[in-house]
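A.B. asks:
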Amino acid sequence: MSQSPVRVRFAPSPTGPLHIGGVRTALYNYLFARQQGGQMLLRIEDTDQNRFVPGAEAYILDALEWLGIQIDEGPRHGGPHAPYRQSERKDIYRQYAEQLVLEGKAYYAFDTPEELDTMRKRLEEANVPAAQYNAITRMQMTNALTLPVGEIKERIESGQPYVIRMKVQPKDEIRFHDLIRGWVAVHSSQIDDKVLVKSDGLPTYHLANIVDDHLMGITHVIRGEEWLPSAPLHVLLYKYLGWQDTMPQFAHLPLLLKPDGNGKLSKRDADLGGFPIFPLEWTDPRTGERALGFREEGYRPDATANFLAFLGWNPGTEQELFSMEELIRAFSLERVHKAGARFDIQKAQWYNQQYLKAQPDAALAEQILPQFGQNGIELSPEQATKIVHLLKDRVHFAGEIVNESAFLFSAPTTYDPDVAAKRWNEEAARAIAGFRDALLSYEGTFAAEEIKHLLAQTLESLGIKMGKVMQALRLALTGLGAGPDLMMTMEILGKAEVVHRLSIAPERLSSAS
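Residue numbers (my numbering): 3 to 515.
1. Leaving out the 5 sequence neighbours to the left and right, which residues in its chain are closer than 6 Å to T248 when beta-carbon positions are compared?
2. Quick one: grab the DSSP three-state call for Y417.
3. Taking the alpha carbon of G485 as the point to measure from, which residue in R396, I279, N316, G295 has its own alpha carbon closest?
4. Taking contact to mean 3 or more Cβ pairs, one atom from each stretch, closer than 8 Å, check whether the stretch 54-61 and the stretch 174-193 are in contact.
5. Within the stretch 70-155, note down every full beta strand (DSSP E) run reaching 3 residues or more, in order along the chain.
6. Looking at the unbroken beta strand (DSSP E) that takes in F178, where does it start and where does it end?
7. Identify whether P7 lies in helix, strand or coil by the three-state DSSP scheme.
8. What span of residues does the beta strand (DSSP E) with M42 cover, start to end?
9. From L329 to P414, what does the alpha carbon distance come to, in whole angstroms?
10. In this structure, how does DSSP classify G290 when only helix, strand and coil are distinguished?
11. DSSP has H222 in a bridge; who is on the other side?
12. Taking D439 as the reference, give the member of H502, M218, N52, Y353 with the closest Cα.
13. Per DSSP, which one or two residues make a beta bridge with V197?
14. Compute the Euclidean distance between the alpha carbons of D74 and D304, then round it to the nearest angstrom.
15. To which residues of the same chain is I347 closer than 8 Å at the C-beta, ignoring the five residues directly before and after it?
16. Beta strand (DSSP E) containing H189: first to last residue?
17. Can you tell me whether A187 is buried or exposed? The criterion is at least 16 other CB atoms within 10 Å of its CB, across all chains shown.
18. Rounded to the nearest angstrom, what separates R157 and T306 at their Cα positions?
19. T285 bridges to which residues according to DSSP?
20. Could you work out which residue in G265, F280, K266, K340 is closest to W68 when comparing CA atoms only?
21. Could you tell me the boundaries of the alpha helix (DSSP H) in which T491 lies?
22. What is the DSSP secondary structure of F518, counted as helix, strand or coil?
23. Given 8 Å as the limit, is there contact between the stretch 159-170 and the stretch 193-201, that is, 3 or more CB pairs closer than that?
24. Once the 5 residues before and after A272 are set aside, which same chain residues still bring their CB inside 6 Å of it?
25. Suppose contacts are defined by Cβ-Cβ distances below 8 Å. Is L504 in contact with I434 by that definition?
26. Could you check the C-alpha separation between E127 and Y135 for me, to the nearest Å?
27. Locate the alpha helix (DSSP H) running through K454, then write down its first and last residues.
28. Using the three-state DSSP reduction, which class does K241 fall into: helix, strand or coil?
29. Any contact of the stretch 423-434 with the stretch 471-488, i.e. 3+ C-beta pairs under 8 Å?
30. Short check: CB of I71 to CB of A13, under 8 Å?
31. Alpha carbon to alpha carbon, how far is G152 from E100?
32. For the 8 Å Cβ check, are there 3 or more pairs between the stretch 462-476 and the stretch 403-417?
33. Note down, in chain order, each residue of its chain lying with its Cβ closer than 6 Å to the Cβ of I230, except the 5 sequence neighbours on either side.
34. Under the rule that 16 or more other beta-carbon atoms within 10 Å means buried, what is K340, buried or exposed?
35. Determine which residues share a DSSP beta bridge with R344 and list them.
36. Which residue from P250, N211, K169 puts its Cα closest to that of L181?
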C-alpha cells in the first residue's frame, strides 16, 4: 500500500493577534511539509463566535506571509477542500454528530446552566477531584440517557436548547503514538463527555477539528503541547467515526517558556520585558490596546524564522544560521525537544544582527534612506552606503543605523569627561593642531586609506606615536572615546568638516579641563 502524500494544517482561531508560539507551530508544520514534499493548509477555526475578533484572520494571513510561510490551501488561496473557515462548514459537522447519536456514541443533553452548576457544587462538596460530566454523573442529569424517548422528541421539537455530548465508555484505555513524546496512554475515566455540538448549533473544536482533518486528508497533526490532554479524546473520536485506519500521526510541540525558564511565556512577560511576542504589531479593536510586533520593532523575517526554528529544535550540528531552504532540508520532528524552550530575546537580536551584517551595504542603504529623510537629513545613495558600511556591524536593527549616525551630522558640543581627563594633554593638542594644518594644505583624495597615510606622516614628523593620540583624535571629532573606524568616519565627514571640528575642539577641551 503506497503512503499518502504528507498534508499538514495550521488551524488558528481568529481571537486576536497570533502568539509567537503559534507562529512557531506554523513554521514547524511548513518545514515538515516541504521537507517531505507535501502540502500545508491554513484553516480558520472560528466556531466560537463569542471570541471572534474583527481583523484577526487577516492578521494571521499577513503574519504567515511576512515570515515566508507559503500556504497551499486556505481562505486566501482557495483549494479543493473549501471552505476553509469552520463557521462556513457547520452543516458538514452536524451530520457526523447525528451519526454518532444514532450509533449510541453520543447523546442529546438538555441540562440548564443552573443544573450544571448544581452538579459541580455537589461533586466539589463530596471532594470529587475533578467535577466532570462523565459515565457516572451523566445518569443523574437531564439527557437522552435518562429521559423517555417521547420527552426527548418533545423537547427538541419545542425548540428547547440542547447540546450533543460524546458518550465515553468507562473502563477503556486510549493509546496513541506521539512522534515527539512516544507512546501515550490514558484511561477513559480521565475523559469527560465533551460537548461536540453547542446549543447554538455550532460544533466545538473537538468535533470540527477531527471531521475537517479527516475530510481534508491531513496526515500529520503538529500542534502545541497544550493540546496533548485533548489528544486521547480526539483518538477516541476517530475510532467512534470509523476513521482509525486513516487517523493522522500526532506531534505535540514543547511549550515556549518565559525568559527565566519558569512557566509559559505570556503577553504580560512581553509587556514587562518590553519585547514583542507577536509577529506583527496589533491594536485591539475593542480596547485600543497596542501590542509590539517583531516586524515593526525592526526584526527581519528571515532572522525571525531562524530564531523560531531553534526554539525547540536543533539540527544536531554547530550551525546556527539557516536560510528557509536550509531549514527545510535540515528539519526533522525527531530532533524536536520534549522539554519547554526558553524565549531568549537577546538571541533573537543576535540572529537579526547576523542577517543584517550579511546584507549588502547598498541594499541596506536603500532600505533606510527614507528614515534619514524623515529626520531631515538628505543623503545620496553613495553617502548612505558608506554610513551603512561604517555602522552595520555595531547594531542589531537597521533603524539603529540612523540613530547611531547622529554624530556624523553635527559637531560635538560636549566631550566625554572621563576620556578627556585621561587622554587630552599637551601632546594630544599638538598632534591635532599638526594634523589640522596638514589637512588644510592637503590636495589629494579624501579617502580612508589616504587620510590614514597623511595622519601617520604628520605624527611621525612631530615625533608622536599614533597609539598615544588616537583616542584624543576621536574625542575631538565625535565627543566620544569609542566608536566605529575613525578613518572611514573622517572620509564620510569630509575634509571641511574634519578641519572645522579639529579647529574648535582644542579650545573647548582646554577650557573644560
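Quick reminder that beta carbons are idealized off the backbone N, C-alpha and C, glycines included.
C.D. replies: Judging by the given coordinates:
1. For T248, where only same-chain residues beyond five positions count, there are no Cβ hits under 6 Å.
2. If DSSP states are grouped into helix, strand and coil, Y417 belongs with coil.
3. Looking at the Cα atoms, R396 is the closest of the given residues.
4. Touching, no, given that fewer than three Cβ pairs across the two stretches are closer than 8 Å.
5. Qualifying beta strand (DSSP E) stretches, in chain order: 108-111.
6. Taken as a continuous stretch (DSSP letters only), the beta strand (DSSP E) holding F178 covers 175-180.
7. Three-state DSSP puts P7 in coil, outside helix and strand.
8. It spans 41-44 - the beta strand (DSSP E) in which M42 sits, taken as one unbroken run.
9. If I take the Cα positions, the gap works out to 47 Å.
10. Correct three-state label for G290: coil.
11. Bridge partners of H222: V10, Q251.
12. With distances taken between Cα atoms, D439 lies closest to H502.
13. The beta-bridge partner set that DSSP reports for V197 consists of R167.
14. Taking the straight line from one Cα to the other gives about 20 Å.
15. Excluding sequence positions up to five before and after I347, its CB lies within less than 8 Å of the CB of P261, G275, F277, all in the same chain and listed in chain order.
16. Here the beta strand (DSSP E) through H189 covers 184-189.
17. Counting C-beta atoms within 10 angstroms of its own C-beta, A187 has fewer than 16 neighbours from the protein chains shown and is therefore classed as exposed.
18. For R157 and T306, the distance between alpha carbons rounds to 55 Å.
19. Beta-bridge partners of T285 (DSSP): R292.
20. It is F280 whose Cα lies nearest to the Cα of W68.
21. It spans 488-495 - the alpha helix (DSSP H) in which T491 sits, taken as one unbroken run.
22. No information on residue 518 is available, as it lies outside the stretch 3 to 515 that the chain covers here.
23. Touching, per the Cβ criterion.
24. The residues are I279.
25. It is a contact, given that the beta carbons lie within the stated cut-off.
26. For E127 and Y135, the distance between alpha carbons rounds to 16 Å.
27. Unbroken alpha helix (DSSP H) run through K454: 450-464.
28. Three-state DSSP puts K241 in a helix.
29. A contact exists between the stretch 423-434 and the stretch 471-488.
30. No, Cβ-Cβ distance for I71 and A13 is not below 8 Å.
31. So the alpha carbons of these two residues sit roughly 18 Å apart.
32. The answer is no - the stretch 403-417 does not touch the stretch 462-476, with fewer than three Cβ pairs under 8 Å.
33. Correcting the residue identity first, residue 230 is Leu in this sequence and not Ile. Excluding positions up to five away in sequence, the list reads H254.
34. K340 should be labelled exposed.
35. The beta-bridge partner set that DSSP reports for R344 consists of L259.
36. Minimum Cα distance to L181 is reached at P250.
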